[in-house]
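Below is one structure, written out as structure tokens; comments come after it.
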Amino acid sequence: MSVKLEIEANPKDTISSPARQITPHEQRSMNLPGDILLQICEELATQLEFGVLFNCAISGKQLIGSALQWLYRSHNEYLRIISSEGEAPEWSKIQKHNSKHSAASKWAKSWQSIVRSSLGTTAYPYCLYIRSLDLTNLSNLLEDSTFRMAAMDNFFADEMAEFLSVDGTPRRRSKRGPQVRLNTTNILNLIGESITRYVSERADENHTTVALENLSGDITSVALPIWAGRLSRLKSMTIWDGKSLNENVATVISKNCPNFDEIRIFVCSDDTDHNPASFIKGLRQNSLLSLEVLSNCRIGPFFLTALNHHSESLKSLRLQSLNSEAIKNLNILQRCTALEALDLEDS
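Now the structure itself:
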């Protein structure tokens, strides 16, 4: 892939060289190789120049591949930006209203393009470019009141209708929003299944590896080992509840994901100490570099003992809202001698 830059010489100038003379009105052409175009698009993505990347994508065939690749590789940062639009304190109510509607529309269209591409109905396979499948962000979109009022019908139109799942009990009729109740959990499961299956099948067909490196969301213990088994480059996960983690998930990751080294858990509830403990101990020994439990950390000695399975590799450990039982057993961690960052908080 290359792009040709054509420059018309000034009529007053004649450019000479030992090999060739360029006369007035003659055009000089220069071809940029594909790797240079890719580096340009990578730099634009690093600088969060999403508008420029989009313009590159629609400028012609030479740039569209590189531009789309980096536009979707950086889509998580783009989603974070647009999902927070409309909150400027100095704006009027009308400005905030219009901005939120615009943001919800862009937010929904970005996700819609990714999901539709997993059905093979888009011009380019956008979901093959993403590195992070953040279903938490998608959940936030589905729960957003502006999305439900202004963008939900379009989001689930045509082939996207197969992902629509509603609860049996309708909402009261309201002028502020739709009558149906979305079953967010089912929708996320359907979309996650479609995307992970598609990227895995395409990688097998093309004899390549899946680009996805991060998985995030409230994922069930049934879906998690299936999805993880399809993502050979999986490096990290952010899971809502520790009860989704178990020895079966660890076995799949150990077998299929050699780069996996980071886990973040939002909640470890009272009855799940054995589940995440069996997950941690089931991973390859000394493979985990970072572990975080962000709230409601109801862990016990089984969990802490399992961390010693990674005593020589674990560099960062963050445990928040620790209960009294966990605090009394913190001495179990004394074998974790590789720790560089330790953050502990009681409840």
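Under my numbering, the first residue of the sequence shown is numbered 13, with each subsequent residue one higher. The C-beta atom is built at its ideal place from N, Cα and C for all residues, glycine as well. Quantities reported herein were computed from a predicted structural model and do not represent experimental measurements.
Quick one: does the C-beta of N260 sit closer than 7 Å to a heavy atom of the ligand NAP?
-> Ligands displayed in this structure: none; no statement on the ligand NAP is therefore possible.
Whole-angstrom C-beta distance between L224 and L145, which should lie under 8 Å = The residue given as residue 145 occupies position 133 in the sequence shown. The residue given as residue 224 occupies position 212 in the sequence shown. Indeed, because the Cβ distance is near 6 Å, the residues count as touching under 8 Å.
Decide if the stretch 113–131 is in contact with the stretch 154–163; the criterion is three or more beta carbon pairs, one per stretch, under 8 Å apart.
-> yes
Rounded to the nearest angstrom, how far is the Cβ of L257 from that of P288, given a contact under 8 Å?
-> Indexing the sequence shown from 1 puts residue 257 at position 245. Indexing the sequence shown from 1 puts residue 288 at position 276. Confirmed, Cβ separation roughly 5 Å.
Indicate the three-state DSSP secondary structure (helix, strand or coil) for A223 in the structure shown.
-> Start at 1 with the first residue of the sequence shown, and residue 223 comes out as number 211. Coil, per DSSP.
Please report how far the alpha carbon of R330 lies from the alpha carbon of D170, in whole angstroms.
-> Here the question's residue 330 lines up with position 318 in the sequence shown. Here the question's residue 170 lines up with position 158 in the sequence shown. Going by the C-alpha atoms only, they are around 44 Å apart.
Is DSSP giving C309 helix, strand or coil here?
-> Against the sequence shown, residue 309 aligns to sequence position 297. Three-state DSSP puts C309 in a strand.
State the Cα-Cα distance for the pair Q297 and L303, rounded to the nearest angstrom.
-> Taking the first residue of the sequence shown as 1, we reach residue 297 at position 285. Taking the first residue of the sequence shown as 1, we reach residue 303 at position 291. Taking the straight line from one Cα to the other gives about 14 Å.
Using alpha carbons as the reference points, say which of N308, D273 and L354 lies closest to H321.
-> The count along the sequence shown starts at 1 and reaches residue 321 at position 309. Taking only the C-alpha atoms, the option nearest H321 is D273.
Extent of the continuous alpha helix (DSSP H) to which I251 belongs = Residue mapping note: residue 251 aligns to position 239 of the sequence shown, counting from 1. Unbroken run through I251 is the beta strand (DSSP E), S248 to D253; no alpha helix (DSSP H).
Within its chain, find whatever has a CB closer than 8 Å to the CB of A350; leave out the 5 residues flanking it on each side and keep chain order.
-> Reading the sequence shown from its first residue, position 338 is the one you call residue 350. S323, E324, S325, L326 and K327, listed in sequence order.
Looking at C-alpha atoms only, which residue of E217, I265, Y210 and D253 is the closest neighbour of P237?
-> Sequence index remark: in the sequence shown, residue 237 carries index 225 (1-based). It is I265 whose Cα lies nearest to the Cα of P237.
DSSP state of D146 mapped onto helix, strand, coil = By 1-based counting over the sequence shown, the position of residue 146 is 134. Here D146 sits in strand by DSSP.
When DSSP builds the beta bridges, which residues end up paired with R276?
-> Against the sequence shown, residue 276 aligns to sequence position 264. Partner(s): T250 and E304.
By the 10 Å Cβ neighbour count, where 16 or more other Cβ atoms means buried, how is S359 classified, buried or exposed?
-> Mapped onto the sequence shown, residue 359 falls at position 347. That one is exposed.
Paired residues, beta bridge with A262 - DSSP = The residue labelled residue 262 in the question sits at position 250 within the sequence shown. Answer by DSSP bridge pairing: none, since A262 is not bridged.
What residue from I76, A69, L49 and L83 has the CA that sits closest to Q9's CA?
-> The structure shown does not extend to residue 9, since the chain is modelled only from 13 to 359, so the question has no answer here.
By Cβ distance below 8 Å, which residues in the same chain neighbour N271 in space, the five residues on each side in sequence not counted?
-> Counted from its first residue, the sequence shown places residue 271 at position 259. The residues are E225, R245, L246 and K247.
For A69, is the classification buried or exposed, using 16 other Cβ atoms within 10 angstroms of its Cβ as the cut-off for buried?
-> As a position in the sequence shown, residue 69 is number 57, starting the count at 1. A69 is buried by the Cβ-count criterion.
Would you mind sorting Q124 into buried or exposed? The rule is 16 or more other CB atoms within 10 Å of its CB.
-> Here residue 124 is taken as the residue at index 112 of the sequence shown, counted from 1. Within a 10 Å sphere around the beta-carbon of Q124 sit 16 or more other beta-carbons, which makes this residue buried.
Buried versus exposed call for A173 [16 or more other C-beta atoms within 10 Å across all chains shown] | Start at 1 with the first residue of the sequence shown, and residue 173 comes out as number 161. Counting Cβ neighbours within 10 Å, A173 comes out exposed, since fewer than 16 surround it.
Option in T196, T134 and S228 with minimal Cα separation from L147 | What you label residue 147 is simply residue 135 of the sequence shown in a count that begins at 1. Answer by Cα proximity: S228.
Local Cβ density within 10 Å of A353, reported as buried at 16 or more and exposed below that = Counted from its first residue, the sequence shown places residue 353 at position 341. A353 is exposed by the Cβ-count criterion.
Pairwise C-alpha distance: W252 and R184 | By 1-based counting over the sequence shown, the position of residue 184 is 172. By 1-based counting over the sequence shown, the position of residue 252 is 240. Caution is warranted here: a pLDDT of 48 is assigned to R184, below 50, making its placement in the model unreliable, and the coordinate value is therefore given only provisionally. In this structure, the alpha-carbon of R184 lies about 30 Å from that of W252.
Proximity winner among D230, S281, L295 and S233, relative to A262 (alpha-carbon distances) | As a working note, residue 262 is residue 250 in the sequence shown. Measuring from the Cα of A262, the nearest candidate turns out to be L295.
What residues match up with V64 in a beta bridge as DSSP calls it?
-> As a first step, residue 64 is located in the sequence shown; it is residue number 52 there, counting from the start. None; V64 has no bridge partner.
Roughly how many whole angstroms lie between the Cα atoms of R276 and G312?
-> In the sequence shown, residue 276 corresponds to position 264, counting from 1. In the sequence shown, residue 312 corresponds to position 300, counting from 1. Rounded to the nearest angstrom, the two C-alpha atoms are 17 Å apart.
Sub-8 Å separation of N198 and S177 beta-carbons = Counting from 1 along the sequence shown, the entry for residue 198 is found at position 186. Counting from 1 along the sequence shown, the entry for residue 177 is found at position 165. Yes, Cβ-Cβ distance for N198 and S177 is below 8 Å.
Can you tell which of I231, I76 and F315 has the C-alpha that lies nearest to the C-alpha of Y141?
-> Position 129 of the sequence shown, counted from the first residue, corresponds to residue 141. Closest by alpha carbon: I76.
Starting from D230 and walking both ways along the alpha helix (DSSP H), at which residues does that stretch end?
-> In the sequence shown, counting from the first residue as 1, residue 230 sits at position 218. Per DSSP, D230 belongs to no alpha helix (DSSP H) and is neither H nor E.
What's the call for P101, buried or exposed, on a 16-neighbour Cβ count within 10 Å?
-> What you label residue 101 is simply residue 89 of the sequence shown in a count that begins at 1. In this prediction, P101 has a pLDDT of 44, which is less than 50 and means its spatial position is unreliable; what the coordinates show is noted afterwards. Result: exposed.
Bridge-paired residues (DSSP) for S328 = Translated into the one-based positions of the sequence shown, residue 328 becomes position 316. S328 pairs with S302 and A353.
Starting from A289, trace the alpha helix (DSSP H) both ways and give me its first and last residue.
-> Position 277 of the sequence shown, counted from the start, is the residue given in the question as residue 289. From DSSP, the alpha helix (DSSP H) with A289 extends over H286 to G294.
C-alpha distance - N149 paired with L316, whole-angstrom precision | Residue mapping note: residue 149 aligns to position 137 of the sequence shown, counting from 1. Residue mapping note: residue 316 aligns to position 304 of the sequence shown, counting from 1. Each residue's Cα considered, the two are about 30 Å apart.
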